[in-house]
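One structure below.
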Amino acid sequence: MNNNAMRIIGALLLVVGLAGFFTGGFSFTKETTQAKLGPLELKVQEKESVNVPQWLSVGAMALGAVVLVLGFRRGSR
Numbered sequence: 020m021n022n023n024a025m026r027i028i029g030a031l032l033l034v035v036g037l038a039g040f041f042t043g044g045f046s047f048t049k050e051t052t053q054a055k056l057g058p059l060e061l062k063v064q065e066k067e068s069v070n071v072p073q074w075l076s077v078g079a080m081a082l083g084a085v086v087l088v089l090g091f092r093r094g095s096r
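Counted the way my numbering counts, the sequence shown spans residues 20 to 96.
Here it is, written out as structure tokens:
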């Protein structure tokens, strides 16, 4: 893996870890078709939430920092 890819992956892990740490999770809307009778359709929108454990966020930040540092160290040789 080249240095730029390591730096990008490290930075992404840091950003994702920080986002998970400060927001605690994310939510999204899922649309499902409940019934379909000829031309009539009944659709339902459900809001789903996913909680991100803080230990996972801290782990992503730590791993991102390590990968980022390794990317810079390999580039300075």
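From the three backbone atoms N, C-alpha and C, an ideal C-beta is built for every residue, glycine too.
State the CB to CB distance for the pair A79 and V35, rounded to an integer number of angstroms; the pair is presumed to be in contact (CB under 8 Å).
Contact holds; Cβ gap of about 6 Å.
How would you call V86, buried or exposed, if buried means at least 16 neighbouring beta carbons within 10 angstroms?
Buried, because 16 or more other Cβ atoms sit within 10 Å of the Cβ of V86.
Could you check the C-alpha separation between Q64 and N70 for me, to the nearest Å?
Spanning the two alpha carbons is a distance of roughly 20 Å.
Please list, in chain order, all residues of the same chain as G39 whose beta carbon is under 6 Å from its beta carbon, the five residues on each side excluded.
Within the same chain, G39 has close Cβ partners V71, S76.
If I measure Cβ to Cβ from T51 and keep anything under 6 Å in the same chain, skipping five residues before and after, which residues do I get?
Excluding sequence neighbours, T51 sits near V63.
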